[in-house]
Every structure is written in structure tokens, then in C-alpha cells.
Amino acid sequence: MAQFNIAVLPGDGIGPEVTSEGIKVLLAIGRKFDHTFNLHQGLIGGIAIDASGEALTRDTLKMCKKSDAVLLGAVGGPKWDDPKAKVHPEDGLLALRKGLGLFANLRPVKVFPVLVDATNLKPEVIKGVDFIFVRELTGGLYFGRPKRQWQTSRGRRAVDTMAYSEPEIERIVRVGFELARGRRKRLVSVDKANVLESSRLWRQVAIEV
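For the sequence shown, this note's numbering begins at 1 and goes up steadily by one.
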């Protein structure tokens, strides 16, 4: 028997519906394998903004850090889509990623045989597709500085900075290689090295690793 503390952050939109189904799965697993899942609810996203003015409070982040895992639903919706707002639901996601050091987003793409005809793509194109996107989450445009919008004599301007350090690139590339070692031993690194300095560094580090 094992016990696990799970932070549950339903969020907005379809989030509560998704997490409630996820909880049912956890409870079923607990009954089958004699595990105990201690669930702790928290707010994130738009609903957190409505309640506290913040997309992710310090208390919620603290709870997540003390948990064994975080079950996250979704954030955002039309109610909070005002581009002039000072706080956005997605700010909660960025704060959660940064606070927990969640630098690697794994997105599997797999086509099950029974669904091979349930797409607009030709079956022969997607049959047997099975790969994983490894996306870097805590560097780049989302966290680079400066990041701001301001008024000039010729109109409004805005800037977002894309910045990567060697350690940030190396660790995400290593995640990709480790996954590839356990699969078909193929890894594709995607960059824009013909134009961007950050991508040139990315390619250099990827080749070195």
C-alpha cells in the first residue's frame, strides 16, 4: 500500500470536467492496487483571478510543491480574454512551470488502428504514427526579458525577448535523447538557426550533446 498527495487544479472551462474524470481513474486505481490518494484542491487561471486577483497564489504553489503530483485541468476562457488586462489565466501556468521546474513538456502523437480512418489525412500517411514532441517550457519567449508594451510618438510598440542559456538547452535535449534511446533511436531537433542567434546556440548545443 502506498499513499500519494495529489494537488488538484481544475482551472477553467472544461478543466473541472476533465479533472473530475481523472479523479475517478485515480480512485479506481487506488481500489485495485490498495493505494491511497490524498486530494488537495486549489485554484489556477481565471477562477483564481476572480477569487484573489492572481492566476496562481503563493499558497497554491506551495501546496503543489509539497505534493507528489499535480492534476491540472485547463485555464482561460472568453471571460478573461481582454488583452489589456494586467493578469491573464495563462500567467498561472507559467508560474506553475517555473515554480516546479517543469522544463520538459512531453506530447505523444499516436494513431490507434481503430481510428486510422477517423481523420482527414490519408490512412497510409498516418498508419503507425508514433512519436513524441519534447517542448521546452521555462526558457525562450515566455520568460525572456525585456517583455513589455509601451506608447511612442509613432504609436504603440511591444517587445518579447527570446533568450536561452546553454544549460536550459542541454537539459531539454538530453530528455529527447533519453526518450529516443528507449524508442526507435531517432531524434529531430527543430530550430531557426538560419536567422536566430538563440537557435544557433540551440543547434550547437544539440550537436554537442
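All C-beta atoms in this analysis are idealised placements derived from N, C-alpha and C, irrespective of residue type, glycine included.
CA-to-CA distance, residue j to residue i, given in whole angstroms
i: residue 121; j: residue 9; result: 35 Å
i: residue 56; j: residue 46; result: 9 Å
i: residue 102; j: residue 138; result: 7 Å
i: residue 129; j: residue 108; result: 10 Å
i: residue 2; j: residue 83; result: 45 Å
i: residue 77; j: residue 156; result: 26 Å
i: residue 7; j: residue 123; result: 40 Å
i: residue 115; j: residue 18; result: 22 Å
i: residue 210; j: residue 104; result: Examination of residue 210 is not possible in this model, given that the chain is present from 1 through 209 alone.
i: residue 42; j: residue 66; result: 13 Å
i: residue 95; j: residue 40; result: 19 Å
i: residue 4; j: residue 60; result: 17 Å
Outcome for residue i when other beta-carbon atoms lying within 10 angstroms are tallied against a minimum of 16
i: residue 14; result: exposed
i: residue 85; result: exposed
i: residue 117; result: exposed
i: residue 166; result: exposed
i: residue 161; result: exposed
i: residue 81; result: exposed
i: residue 44; result: buried
i: residue 34; result: exposed
Cut-off 6 Å between Cβ atoms - residues of its own chain near residue i, not counting five sequence neighbours on either side
i: residue 131; result: 109
i: residue 200; result: 193
ask   = Whole beta strand (DSSP E) runs in the segment 85-153 with 3 or more residues, listed along the chain?
value = 104-110, 130-136, 147-152
inquiry  = In chain order, what are the residue ranges of uninterrupted beta strand (DSSP E) at least 3 long that sit wholly in the segment 150-181?
reply    = 155-160
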